[in-house]
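Written out below as structure tokens is the structure these notes cover.
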Amino acid sequence: METGNQKPTKPGKEPEATGRLRLGDFLARRGLITRQVLDQALVEQRQSGRRIGEILLDAGHVTEAQLLPLLSDHLKVPYTDVSSLTLGPEELDLLPEDLARKYTALPISRHGKRLELVMADPLDYEAVQDLSFATGSKVTAKLGSRSQILGAIERFYLRHLEGAGRLMAKGVGDAPAEPMLTPRSQAPSALDADAEGAPVIQLMNLIMRKAIQLGASDIHIEPGVPEGTVRFRLDGLLSDQLKVPTALHPALVSRLKIIGRLDIAERRLPQDGSVRVTVDGSEADLRISIIPLQHGEKAVIRVLDTSSRSLELDGIGLVADDLKKVKGLLERHRGMVVVTGPTGSGKTTTLYGILSRIKSPTTNIVTVEDPVEYQYPGLNQMQVNADIGLTFAAGLRSILRQDPDIILVGEIRDAETAEIACRAALTGHLVFTTLHTNDAPSTITRLLDIGVPPYLVSSVLIGIIAQRLVRTVCGNCKAPSRPDASGIVGLGLSPVSLAGGTFMAGKGCVKCQETGYKGRTGVFETLVMTPRIRDLILRQSTEEDIRLAAQEGGMRSLVQDGLDKAKAGVTTVDELGRVLEVSEHVAISCPGCGRLLNSEYRFCPTCRATLRRVCLGCERVLQSGWIVCAHCGQEYK
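Here the numbering used here is used: the first residue of the sequence shown is 987, the next is one more, and so on.
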């Protein structure tokens, strides 16, 4: 916004009336500010170099609604109410997003060689010249509200791949001799959506750039009839972003193959590759997977943006009690800690949060992973390569000859890897690994099923961390909410569990793309081994018995942790129902206090409520509504 630079005047003295009044004097004459306020603002302007209008706005002496109409009249520049603008792809294609953000401008229309824009500072001659040169047009600028323009940029450009329609209309074109992106083994290259080259290259770079800007974890490029779809996975859910003509889809896939140094001619077999890029000064690793489908090849790109992810243990969502348990596990010098959960539940982030906490110059930390997702300074990281025989088991054997203090095994996939990891923990190493199980107690059952002897599991296992990722309520549009009782019943809890919470839900806004959610946090279940649980493992007790012992030892279930986060307004009950599943071994909740209880309990240990009636004659369970025991005939009134 043109807010005017002016020299301070002496208090109480009117400026000369020659020429156009400076902005501060103009506002003072119109009665919006006093002479004293103007003199103070001029002093601050002399010290900071900022414009007088910005100083007055920041101090709250005037508002944009008051200032803009007067400013338009003062500067003789037309004013545009940005809040009434509706911009579609055709208008947004006129001005790339990076230029819109750089100069706080929005495109309105184009007539021949003349491009009409609304700008926060339409009198910025250099900005207008730069925009004219970049767009190849003669720019005419109108005045608009800075805050409204910034909001409109977020609202309109967020779901729009700027320039995509223009690039697709140009066709495929010829690829340059050298790819713009580089394999991970080389230095990262800048990802520039406006770089010269074939339209398909610009379009692919544009898709990747937007995905990284939005924080997408995956990019899906899918073939279809009559057009394919580009979808981003945002906060765990897929959303459509762009429709690609069928004729252009093979070219996009071929471009990906060039980037990942894959075989362009091979269209019958799956292929995998990787590339590293830099976007706006930050690096991101992209893992490329291509598979053949009926109507063409589908490509999925996993985006690993290490610069935007928190690898601190304190910031992943552990509550104070669970965080204390995990920190206690990290103080151990030997043993095995297992992080468990489905794919995409944040296990790797948790593991690296753990390693970042215990990393020191006096410890040798070696990892074997498939793939190495985060390149972390101070760690010795090994990449699994099954094609040359470098499996988890083979890599783990070689690691044991490297004098390690701490070992990270990316995943236990077979009995051989499991037993080697357990024996490494038994011989004085601290081992961290992952498994795909539903919760913490079932991890023990899985290790036994794989073939690890019970005595070995009992001896080396010191803790299990089960986790899920749930979307968090958008902080920009959240408001108090009343959860649906049916949602809590679906989690195996009673409606009384909702008592005492401050539930929140997002209404939907530009920042969360109208979903009501922005970002994700972890929901955890932490099991620390006790003598009782070790004894149950040695006796090969059931998973039900192990879960019962863990709960009585203070383990909070995934559902309980999620419910606490919903009560605190961090997430919602609906989101918990989408992500969490109630274990078949945890089938009841207390009707008195709502706590999730083991199915074997007869009384609630917290509120003493009766959970199951037992026949006095034969001691079998009585079902609800029975007036006589079906087993022995004992009558009840």
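Where is the CB? At the ideal position from N, CA and C, for every residue including glycine.
Note that the structure is a prediction, hence the values are computed from the model and not measured.
- Task: With distances taken Cα to Cα, identify the nearest neighbour of H1047 among T1020, L1073, G1122, R1036.
- Result: Here the closest residue by C-alpha is T1020.
- Leaving out five residues on either side along the sequence, give the residues of the same chain with a beta carbon under 8 Å from the beta carbon of T1507. Excluding positions up to five away in sequence, the list reads I1302, G1303, L1455, V1456, T1458, K1551, V1556, T1557.
- Task: May I ask you to report which of helix, strand or coil DSSP gives H1319?
- Result: Coil.
- Message: Counting C-beta neighbours from all protein chains within 10 Å, is the total for Q1526 16 or more, i.e. buried, or is it exposed?
- Response: By the neighbour-count criterion, in which a residue is buried when 16 or more other Cβ atoms sit within 10 angstroms of its Cβ, Q1526 is exposed.
- Unbroken alpha helix (DSSP H) run spanning I1244, endpoints: Where I1244 is concerned, the enclosing alpha helix (DSSP H) starts and stops at 1235-1245.
- Host beta strand (DSSP E) of P1439 (start-end): Counting along the chain, P1439 sits inside no beta strand (DSSP E), nor does DSSP assign it H or E at all.
- Message: So, at 6 Å on beta carbons, what are the nonlocal neighbours of S1095 in its own chain, with the 5 sequence-adjacent residues on each side left out?
- Response: Counting only Cβ-Cβ distances below 6 Å, and skipping sequence neighbours, we find E1102.
- What is the rounded straight-line gap between the Cα of R1588 and the Cα of E1567? Rounded to the nearest angstrom, the two C-alpha atoms are 23 Å apart.
- Task: Go to D1560, then tell me how far its alpha helix (DSSP H) extends in each direction, as first and last residue.
- Result: Its alpha helix (DSSP H) spans residues 1559-1565.
- Task: Answer yes or no: do L1416 and D1391 have a C-beta to C-beta separation smaller than 8 Å?
- Result: A contact, by the Cβ cut-off of 8 Å.
- Message: Taking the beta carbon of V1613 as the centre, do at least 16 other beta carbons fall within 10 Å, making it buried, or is it exposed?
- Response: A quick correction: the sequence has Ile, not Val, at residue 1613. That one is exposed.
- Query: Where does I1474 sit, in a helix, a strand or coil, going by DSSP?
  - Reply: In the structure shown, I1474 sits in a helix (DSSP, three-state: H, G or I).
- Query: Is V1370 helix, strand or coil when you go by DSSP?
  - Reply: Under the three-state reduction of DSSP output, V1370 falls in the coil class, being neither helix nor strand.
- Query: Taking the DSSP output, what are the residues bridged to D1204?
  - Reply: Partner(s): R1219, R1288.
- Return the CA-CA distance between Y1089 and G1449, expressed in angstroms with no decimal places. When the Cα atoms are used, Y1089 and G1449 turn out to be separated by approximately 53 Å.
- Message: Considering only their Cβ atoms, is the gap separating I1393 from A1404 smaller than 8 Å?
- Response: Going by C-beta atoms, A1404 is not nearer than 8 Å to I1393.
- 8 Å Cβ cutoff met for I1245 and I1274: Result yes, Cβ atoms of I1245 and I1274 sit closer than 8 Å.
- Option nearest L1341 by Cα separation, candidates L1189, V1325, D1226, R1254: Closest by alpha carbon: V1325.
- Among V1514, V1029, R1518, which one has its Cα closest to the Cα of L1316? Of V1514, V1029, R1518, the residue nearest in Cα terms is V1514.
- What are the start and end residues of the alpha helix (DSSP H) that includes E1083? Boundaries of the alpha helix (DSSP H) harbouring E1083: 1083-1089, taken from the DSSP string.
- Message: I'd like to know if the segment 1021-1031 and the segment 1041-1056 are in contact, where contact means that at least 3 CB-CB pairs between them fall below 8 Å.
- Response: Three or more Cβ pairs drawn from the segment 1021-1031 and the segment 1041-1056 lie within less than 8 Å of each other, which places the two stretches in contact.
- Just mark R1468 as buried or exposed, buried being the case when its beta carbon has 16 or more other beta carbons within 10 Å. That one is exposed.
- Message: DSSP three-state label for S1527, please.
- Response: Of the three classes helix, strand and coil, the one that applies to S1527 here is coil, per DSSP.
- Would you kindly work out how many angstroms separate the C-alpha atoms of F1418 and M1322, rounded to a whole number? Taking the straight line joining both Cα atoms gives about 6 Å.
- Which ranges would you report for the beta strand (DSSP E) in the segment 1387-1432 if only whole runs of at least 3 residues count? Qualifying beta strand (DSSP E) stretches, in chain order: 1392-1395, 1416-1421.
- Message: Tell me which residue opens and which closes the alpha helix (DSSP H) that E1511 is part of.
- Response: Counting along the chain, E1511 sits inside no alpha helix (DSSP H); it lies in the beta strand (DSSP E) bounded by residues 1503-1514.
- Query: For the putative contact between A1401 and I1436, defined by C-beta atoms under 8 Å, what is the C-beta separation to the nearest angstrom?
  - Reply: Their Cβ separation, rounded to whole angstroms, is 5 Å, which keeps A1401 and I1436 in contact under 8 Å.
- Range of the contiguous beta strand (DSSP E) that encloses T1126: That run of the beta strand (DSSP E) goes 1124-1129.
- Hey, C1615 and C1593: beta-carbon distance below 8 Å or not? It is not a contact, given that the beta carbons lie outside the stated cut-off.
- Leaving out the 5 sequence neighbours to the left and right, which residues in its chain are closer than 6 Å to L1442 when beta-carbon positions are compared? Taking L1442 as the centre and dropping the five residues before and after it, the same chain places the C-beta of C1408 closer than 6 Å to its C-beta, in chain order.
- Taking all protein chains shown into account, do 16 or more other C-beta atoms lie within 10 angstroms of the C-beta of R1542, making it buried, or fewer, making it exposed? Buried is the call here.
- Label H1617 either buried or exposed according to how many other C-beta atoms from any shown protein chain fall within 10 Å of its C-beta, with 16 as the threshold for buried. H1617 comes out exposed.
- Please determine, among R1320, K1243, E1252, A1251, the residue with the shortest C-alpha to C-alpha distance to V1286. When each option's Cα is compared against that of V1286, the closest is K1243.
- Contact the segment 1477-1487 vs the segment 1193-1206: 3+ CB pairs below 8 Å: Three or more Cβ pairs closer than 8 Å define a contact, and the segment 1477-1487 falls short of that threshold against the segment 1193-1206.
- Message: Taking its Cβ as the centre, do 16 or more other Cβ atoms sit within 10 Å of K1311, making it buried, or is it exposed?
- Response: Classification of K1311: buried, given that the 10 Å Cβ count is 16 or more.
- Relative to the C-alpha of E1500, which residue among P1517, K1464, R1533 is closest? That would be K1464, whose Cα lies nearest to the Cα of E1500.
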